[in-house]
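Student: Starting off with a structure, shown below.
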Amino acid sequence: MRERLMRLDRSKAVSAAILAAIFLLLLYCNLHTALVADDFMYCFSFSDGSRITSVGAILPSMAAHRHTMNGRVFPHALVQLFLMLPKGVFNVCNAGMFTALIWLLARPCRGCGRRSALLLLAVFGCVWVLQPEFGQVFLWLDGSVNYLWCAVLCLLWLRPWAGFWLDGAEPRRTVRVLYVVFSFVVGAWSENAAVALVFMALLFLALGFFREKLRPRLWQLCALLSFLAGFLFLMLAPATAANKAAEMKLSVLLGNFAETGLYYLRFWPLLVSFALFYALALRSKTELKRRLLALVFLGGSLAGHFVLTFALYCAGRSTYIGLALLIAANAVLLHALIENGWPRLPAALCALCLLVTAWRVAVGVKDILRTDYLLDFNAALIEECVANGERDIEVYRPYAQTKYSALEGLGYLTADPNDWYNVYMARYYGADSIVGT
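Each number in my numbering comes from the position in the sequence shown (counting from 1) with 57 added on.
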């Protein structure tokens with residue numbers, strides 16, 4: 058029986074079926090997630106206020122975006138592109154990116170272990186249960202491109218570094234040039250994610266040089282320099298310092314540090330699991346490189362999370378990279394334990410995770426459907442009012458009940474028609490004003 062279960066766990070068909078089910082679940086959730094908050098604002102150009110209707114209009118819009126919002130022009134250009142297209146295009150692409158995230162977290166680098174269907178499910182469970190603002194990070198159009206897509210790009214960027222240090226694998230020559238260009242884009246995508254990746258890259262270089270006497274490869278140095286250039290492009294945007302950085306007072310920084318620490322403690326099941334898995338890895342004499350690789354991911358998680366101490370504020374959605382890298386750190390150790398025959402305690406923890414996940418999936422999908430029904434009702438009502446010549450519209454302001462709805466924690470409509478949420482929604486539908494009560 059045990060051998061049969063292990064064969065199922067390693068089966069390509071079972072893993073493919075799990076990934077397909079995850080894709081369909083997220084596609085279903087995205088199909089029932091409407092545009093909210095910033096989505097309406099990004100339908101319009103930041104340069105002249107006109108509706109974005111062509112790819113050419115995105116370029117001047119993002120140039121103005123650097124002066125008025127922040128330097129995240131790559132993700133927000135993609136947001137404006139998706140908002141030009143039918144929503145179904147984003148729904149499919151976003152579900153694919155979420156599925157890729159689960160696969161990459163379960164296998165964060167080549168050579169870290171054989172495939173495991175149960176580990177895929179456990180990783181999915183950790184993401185679904187522990188992400189503080191799930192709907193904002195994985196379903197909201199603007200949020201998904203900024204956070205989910207960034208996490209996938211970060212894990213892809215790390216694979217050559219981890220693979221080279223672990224087993225000497227290097228990208229092909231033709232891929233290296235593309236990788237250097239890709240590094241600039243990833244470096245310019247997100248502030249705290251960039252800090253995490255630079256920290257991890259330096260750790261890989263240090264480990265390679267001091268443990269294996271490996272000199273840095275040219276492609277590594279070029280990629281790192283390109284990455285840093287992208288990071289500077291992001292941070293030197295005129296609006297970034299004003300809109301992103303915290304006040305550099307000790308009292309403010311200490312308060313921010315405490316707040317970010319409390320957010321990180323929400324991931325306590327993963328921290329406890331990491332300590333347990335590491336102890337089991339020591340006991341089973343797991344290869345030192347595997348253990349060090351797990352520690353590098355843990356270090357990246359801490360760096361990417363606690364750099365939020367210097368941010369203007371710490372929101373639940375900002376913790377996405379800390380959580381992702383912490384899950385990857387656990388996965389590295391679990392892979393090693395799987396190769397030793399799945400000790401009972403890790404297997405029991407994964408089973409418990411799946412039970413909690415099944416319950417949270419039911420709760421989350423129910424709330425996603427409920428809020429989508431209410432938002433669709435409001436959208437139909439607004440369109441009907443505009444068609445009938447009504448210019449000032451009042452609708453019911455719905456609220457989410459769980460973190461799984463993208464509406465939770467985001468501005469939708471207020472009682473003040475001059476709030477920017479209301480203003481951009483009114484422009485989107487062609488009304489003079491819209492308020493929520």
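Here a beta-carbon is modelled for each residue, glycine too, at the ideal position from N, C-alpha and C.
Please report how far the alpha carbon of V252 lies from the alpha carbon of R448, in whole angstroms.
Tutor: Each residue's Cα considered, the two are about 47 Å apart.
Student: Just grab the DSSP bridge partners of R108 for me.
Tutor: Looking at the DSSP assignment, R108 forms a beta bridge with F101.
Student: Alpha carbon to alpha carbon, what distance is there between T366 and S311?
Tutor: Reading off the sequence shown, one finds Leu at residue 311, where the question assumed Ser. So the alpha carbons of these two residues sit roughly 8 Å apart.
Student: Where does D473 sit, in a helix, a strand or coil, going by DSSP?
Tutor: Note: D473 maps to coil in three-state DSSP.
Student: Going by CA-CA distance only, name the one from L82, L467 and L92 that's closest to Y485.
Tutor: When each option's Cα is compared against that of Y485, the closest is L92.
Student: Quick check: what's the CA-CA separation for F261 versus E227?
Tutor: Near 14 Å, if we compare the C-alpha coordinates of E227 and F261.
Student: If you follow the alpha helix (DSSP H) that D224 is part of, which residue opens it and which one closes it?
Tutor: From DSSP, the alpha helix (DSSP H) with D224 extends over W206 to D224.
Student: In this structure, how does DSSP classify S247 when only helix, strand and coil are distinguished?
Tutor: In the structure shown, S247 sits in coil (DSSP, three-state: anything other than H, G, I, E or B).
Student: Using 8 Å as the cut-off, can you tell me whether the segment 442-457 makes contact with the segment 72-83, which would need three or more C-beta pairs spanning the two stretches below that distance?
Tutor: No, the segment 442-457 does not touch the segment 72-83.
Student: If you drop the 5 nearest sequence neighbours on each side, which residues of the same chain put their C-beta closer than 6 Å to that of N203?
Tutor: Closer than 6 Å at the Cβ level, and outside the excluded window around N203, lie P132.
Student: Take L88 as the anchor and find which of C183, E248 and F195 has the nearest alpha-carbon.
Tutor: When each option's Cα is compared against that of L88, the closest is F195.
Student: Taking the alpha-carbon of T494 as reference, which of F239, V480, T231 and D473 has the nearest alpha-carbon?
Tutor: Comparing Cα positions, the closest option is D473.
Student: In this structure, how does DSSP classify E316 when only helix, strand and coil are distinguished?
Tutor: It is helical.
Student: So, with DSSP's three-state summary, where would you put E451?
Tutor: It is a strand residue.
Student: Please check the pair W246 and L210, which I expect to be a contact at CB under 8 Å, by giving their CB distance rounded to whole angstroms.
Tutor: 6 Å between Cβ atoms; contact.
Student: With burial defined as no fewer than 16 other Cβ atoms inside 10 Å of the residue's Cβ, what is the status of A415: buried or exposed?
Tutor: Looking at its Cβ environment, which holds fewer than 16 other Cβ atoms inside 10 Å, A415 is exposed.
Student: Would you report the Cα separation of C279 and V237, rounded to the nearest angstrom?
Tutor: Taking the straight line from one Cα to the other gives about 6 Å.
Student: Are the CB atoms of L177 and A157 nearer to each other than 8 Å?
Tutor: It is not a contact, given that the beta carbons lie outside the stated cut-off.
Student: Does the Cβ of G421 have 16 or more other Cβ atoms within 10 Å, making it buried, or fewer, making it exposed?
Tutor: Counting Cβ neighbours within 10 Å, G421 comes out buried, since at least 16 surround it.
Student: With C-beta atoms as the reference, is I395 less than 8 Å away from S173?
Tutor: Yes, the pair counts as a contact, with Cβ atoms nearer than the cut-off.
Student: Would L187 and R323 qualify as a contact pair, given that the criterion is a beta-carbon distance under 8 Å?
Tutor: Yes, the Cβ-Cβ distance between L187 and R323 is below 8 Å.
Student: By Cβ distance, which residues of its chain are closer than 7 Å to C100, with the 5 residues on each side in sequence left out?
Tutor: Excluding residues within five positions, the ones whose Cβ falls inside 7 Å are R108, I109, L140 and Y485.
Student: Give me, in chain order, the residues of the same chain whose beta-carbon lies closer than 8 Å to that of P189; leave out the 5 immediate sequence neighbours on both sides.
Tutor: If we look at P189 and ignore the five residues flanking it on each side, its Cβ neighbours are Y320, R323, G373, R374, T376 and K460.
Student: For the beta strand (DSSP E) containing V492, name the first residue and the last one.
Tutor: Taken as a continuous stretch (DSSP letters only), the beta strand (DSSP E) holding V492 covers S490 to G493.
Student: If you follow the alpha helix (DSSP H) that V364 is part of, which residue opens it and which one closes it?
Tutor: From DSSP, V364 is part of no alpha helix (DSSP H); its letter is neither H nor E.
Student: Give the DSSP-derived three-state secondary structure of W193 in the structure shown.
Tutor: Per the sequence shown, the amino acid found at residue 193 is Gln instead of Trp. Correct three-state label for Q193: helix.
Student: Going by C-alpha to C-alpha distance, which of A436, F155 and Y453 sits closest to A488?
Tutor: Of the listed residues, the one whose Cα sits closest to A488 is A436.
Student: I need the DSSP call for T156, collapsed to helix, strand or coil.
Tutor: The answer is helix: DSSP assigns T156 an H, G or I state.
Student: DSSP three-state label for V93, please.
Tutor: Here V93 sits in coil by DSSP.
Student: Considering R340, what are the terminal residues of the alpha helix (DSSP H) in which it resides?
Tutor: Taken as a continuous stretch (DSSP letters only), the alpha helix (DSSP H) holding R340 covers W325 to R340.
Student: Among the candidates L345, L359 and A121, whose CA atom is the shortest distance from the CA of R268?
Tutor: R268 has its Cα closest to that of L345, out of L345, L359 and A121.
Student: Would you report the Cα separation of K342 and L116, rounded to the nearest angstrom?
Tutor: Cα-Cα distance, rounded: 54 Å.
Student: Contact check, A294 vs G244 under 8 Å by CB: the rounded distance?
Tutor: Incorrect: roughly 13 Å between the Cβ atoms, too far for contact.
Student: Measuring alpha carbon to alpha carbon, tell me which residue in V255, F103 and P273 is nearest L289.
Tutor: Of V255, F103 and P273, the residue nearest in Cα terms is V255.
Student: State the Cα-Cα distance for the pair L406 and L352, rounded to the nearest angstrom.
Tutor: The alpha-carbon atoms of L406 and L352 are separated by roughly 21 Å.
Student: Between the C-alpha atoms of Q333 and A134, what's the straight-line distance to the nearest angstrom?
Tutor: Sequence inspection shows Leu at residue 333; the Gln mentioned does not correspond to that position. Taking the straight line from one Cα to the other gives about 43 Å.
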